[in-house]
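Let me begin by presenting the structure, written as structure tokens, before commenting on it.
Residue numbers (full-length UniProt numbering): 1 to 830.
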């Protein structure tokens with residue numbers, strides 16, 4: 001069996017097996033939707049959008065994000081360019097004021113997409129979109145929606161169907177993201193219609209309308225019902241089309257103008273024409289006769305085409321010729337397909353008894369129809385079209401041999417049948433393509449679910465590993481810090497230093513592995529704050545200067561005049577610069593290290609910072625430099641044995657730099673040294689901050705003779721913390737779990753509580769909640785102690801009512817500083 005005949009057989013079988021069930025379900029859904037719209041209908045106006053936009057400006061978080069997205073989308077979709085630019089400028093200013101990166105990213109994506117769709121020669125910067133969406137699902141939803149919009153506009157059907165299926169699946173449950181899902185359904189309706197899947201187009205548009213109903217979104221209900229009715233006609237759901245036509249008339253009775261009633265008449269005629277009722281077509285169009293006699297736009301010309309076809313089929317020659325003359329007088333851009341005029345002429349000529357001329361007109365119509373369909377669907381189903389066109393040519397040759405006038409009626413019917421078969425087969429081919437894409441989308445969704453499960457398992461393993469390693473590390477490092485406070489012999493002090501260095505190296509490796517995992521999972525977020533870059537670098541220079549002096553090399557600072565206050569992530573910048581300085585000192589035996597800092601403006605209130613670390617160490621070859629930034633990479637095995645390390649530091653440093661909008665580059669020559677340059681973006685604040693002490697300069701000295709309750713189940717940890725608190729002269733009360741602590745607090749007043757999180761009987765989170773609620777001790781500072789370094793653990797502690805959270809292994813200075821700040825009232829239960 002040939003491919004063409006195979007598709008034709010499939011076209012016959014599918015409606016018989018599944019059409020009735022699908023139609024029944026669709027009719028019921030559309031009836032229910034129509035009832036909802038009838039009960040609660042409205043019309044969206046610019047005033048409504050302005051009011052909603054103003055309300056969104058006054059809100060915060062995701063509610064503000066999606067409220068302003070809907071305002072911008074309304075003006076973009078309705079081609080109101082000035083209003084779009086006005087709201088885009090307001091949203092950018094708001095994002096800059098509040099340092100709201102997701103909001104700024106959303107405006108950037110919408111503006112870029114609008115430019116790409118308004119000017120076909122312009123291309124969207126998809127790479128910038130991807131960077132903007134990292135770590136934020138809401139920005140990711142907007143990016144996916146605009147990718148779908150552009151793919152549909154550029155006839156990229158495969159990409160459009162995959163993106164649309166994925167986006168609808170991830171946004172249709174959350175009330176805040178359901179407007180995204182509704183817009184995705186609307187775009188997918190257009191894609192399905194272009195592929196000839198009229199039923200799918202109707203289903204998607206109905207789903208969009210149902211979501212609008214569900215979230216109470218005000219929409220142009222009359223326009224939505226009109227579009228649903230037209231798609232129902234194309235899908236041959238005539239009962240639903242009639243119901244929607246009647247609903248359209250009810251909706252425009254109170255608010256519709258002459259234009260709305262014209263569309264109502266056109267919709268009536270379209271339904272009648274699709275059902276082969278030419279007299280009803282004329283009845284439907286009679287109220288708009290004047291508009292049709294002066295056809296001057298695409299819609300009136302379309303309605304005129306329906307009337308011409310009806311008059312020609314009824315044999316009304318004079319009126320049909322008048323309509324044909326009006327059609328030909330309309331601009332070419334409005335007339336549409338030439339083959340329709342030829343087909344109409346064939347009907348008229350047949351009514352006049354001019355059979356030969358009618359046949360010629362029919363032949364021209366048929367030929368032009370085939371050519372147009374071939375051009376429209378060549379890329380989608382070119383093999384099917386080519387096979388059918390060969391068959392049609394053969395039919396044309398046989399027809400020319402036959403008696404034209406004697407068999408005119410038969411050949412007229414045959415021509416219509418061939419065109420209908422061609423349309424059905426092309427539609428089926430497109431439907432098969434759609435089904436395949438849907439299967440592909442489901443397979444991708446299953447693969448994504450498996451990948452997410454694997455990622456979740458890895459995260460759980462890392463969290464468990466972190467907890468289990470940090471607990472013994474707390475004992476090792478804590479006891480080492482306590483021992484260093486004692487009077488020791490030089491040899492003994494050196495041994496304690498070795499113990500502490502080994503423990504800190506293990507802690508660094510553990511932190512690096514966790515950071516690398518967060519970056520790969522897209523969960524590490526940059527947190528820009530106002531800080532003094534010069535002060536941060538000077539402090540790093542002092543800390544690492546001591547290490548350099550111990551090796552007998554120098555550390556020099558060369559810092560340009562930088563603004564006293566910039567907005568960047570000081571924690572991640574400190575991590576990156578510390579990695580570079582540590583490496584430079586490690587690999588330098590003689591000479592010295594230079595830390596240089598400079599800033600260059602890149603735009604209004606934006607700068608690029610460059611921090612270079614140069615050394616006179618062993619240097620590297622070009623081949624080594626090329627692979628240096630890979631995970632677990634070092635120069636060679638000799639380097640690893642001689643200097644130690646895992647090769648994670650530079651990989652993490654470059655990834656962090658890229659997240660901050662910059663990079664890390666290297667210049668090196670073997671035997672002469674290397675220069676690593678960290679770059680990152682930072683903003684200049686619009687106003688200077690009020691004078692306040694820097695955290696680096698704060699003196700962390702807790703008050704003397706505090707009465708502290710230590711709640712910790714691990715005896716070694718209790719011993720370590722007791723040694724760390726000994727210099728403060730504190731009175732320490734110990735409890736092995738949260739229940740014992742509650743019993744003590746009922747009778748024993750204390751000044752501060754150190755609360756471990758994971759304990760038997762009663763854990764630290766629940767114990768903290770009971771201290772705050774059951775005992776009513778809201779004023780007592782509670783500092784959490786945890787071996788879980790994940791971000792969610794810290795937030796859980798703060799939500800439970802703790803004032804601060806320290807991660808094990810504990811640093812003595814950090815513990816003292818946290819106690820001091822808590823007693824000074826700087827922390828409060830959250």
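Glycine is no exception: its CB is placed at the ideal position from the N, C-alpha and C atoms.
- Within the segment 562-588, complete alpha helix (DSSP H) segments of at least 4 residues are found at 570-586, given in chain order.
- Residue pairing by DSSP places residue 607 opposite 601 and 682 in a beta bridge.
- Of all alpha-carbon atoms in 34, 801 and 540, the one lying nearest the alpha-carbon of residue 247 is that of 34.
- In this structure, 577 is the residue among 619, 577 and 710 with its C-alpha nearest to the C-alpha of residue 664.
- Excluding its 5 nearest sequence neighbours in each direction, residue 685 has C-beta neighbours in its own chain below 7 Å: 530, 565 and 567, listed in chain order.
- By the Cβ rule, the segment 788-797 does not count as touching the segment 732-748, because fewer than three pairs are nearer than 8 Å.
- Between residue 731 and residue 707, the gap from beta carbon to beta carbon is short of 9 Å.
- The three-state reading of DSSP puts residue 530 in strand, counting E and B together.
- For residue 328, the enclosing alpha helix (DSSP H) has its first and last residue at 317-329.
- Judged by beta-carbon spacing, residue 269 lies within the 9 Å limit of residue 281, meaning their Cβ atoms are closer than that value.
- Closest in alpha carbon position to residue 667, among 584, 741 and 601, is 584.
- Residue burial annotation: residue 541 is buried, with at least 16 other C-beta atoms found within 10 angstroms of its C-beta.
- Per the DSSP secondary-structure output, residue 732 pairs in a beta bridge with 708.
- With respect to the C-alpha of residue 733, the residue from 705, 757 and 657 having the closest C-alpha is 705.
- Cβ-Cβ distances below 6 Å link residue 208 to 182, 185 and 186 in the same chain, with the five nearest sequence neighbours on each side left out; the list follows chain order.
- Excluding five sequence positions before and after residue 680, the CB atoms of its chain that fall closer than 7 Å to its own CB belong to 568, 573, 609, 657, 660, 661 and 662, given in chain order.
- In this structure residue 619 is in contact with residue 674, their Cβ atoms being roughly 6 Å apart against a cut-off of 8 Å.
- Going by DSSP, residue 188 is part of the alpha helix (DSSP H) stretching over 178-194.
- By the Cβ-count criterion, residue 144 is buried, with 16 or more other Cβ atoms from all chains shown falling within 10 Å of its own Cβ.
- Scanning the UniProt domain "Response regulatory" (707-823) from its first residue to its last, the whole alpha helix (DSSP H) runs of 4-plus residues come out as 715-725, 738-745, 764-773, 791-800 and 812-823.
- Per DSSP, the beta-bridge partners of residue 554 are 592.
- Exposure of residue 97 is indicated by the presence of fewer than 16 other C-beta atoms within 10 angstroms of its C-beta.
- Scanning 150, 353, 561 and 70 for the CA closest to the CA of residue 164 turns up 150.
- Within its own chain, the residues whose Cβ lies closer than 7 Å to the Cβ of residue 739, once the five positions on either side in sequence are excluded, are 761 and 762, listed in chain order.
- Residue 53 and residue 68 do touch by the CB rule: their CB atoms are close to 7 Å apart, below 8 Å.
- In the three-state reduction of the DSSP assignment, residue 619 falls in the coil class, being assigned neither a helical nor a strand state.
- Annotated three-state conformation of residue 46 is helix, per DSSP.
- In summary, residue 316 is buried, with 16 or more beta-carbon neighbours lying within 10 Å of its beta-carbon over all protein chains present.
- With contacts defined by Cβ atoms closer than 9 Å, residue 285 and residue 265 form a contacting pair.
- Rounded to the nearest whole angstrom, the CA to CA distance from residue 596 to residue 621 is 23 Å.
- In this structure residue 161 does not touch residue 449 by the C-beta definition: roughly 19 Å separates them, more than the 8 Å allowed.
- Residue 778 is classed as exposed because its beta carbon has fewer than 16 other beta carbons within 10 Å across all chains shown.
- When secondary structure is reduced to three states using DSSP, residue 263 falls in the helix class.
- For residue 27, no pairing in a beta bridge is given by DSSP.
- Taken through DSSP and simplified to helix, strand or coil, residue 676 comes out as strand.
- In the DSSP assignment, residue 663 falls within the unbroken beta strand (DSSP E) covering 663-669.
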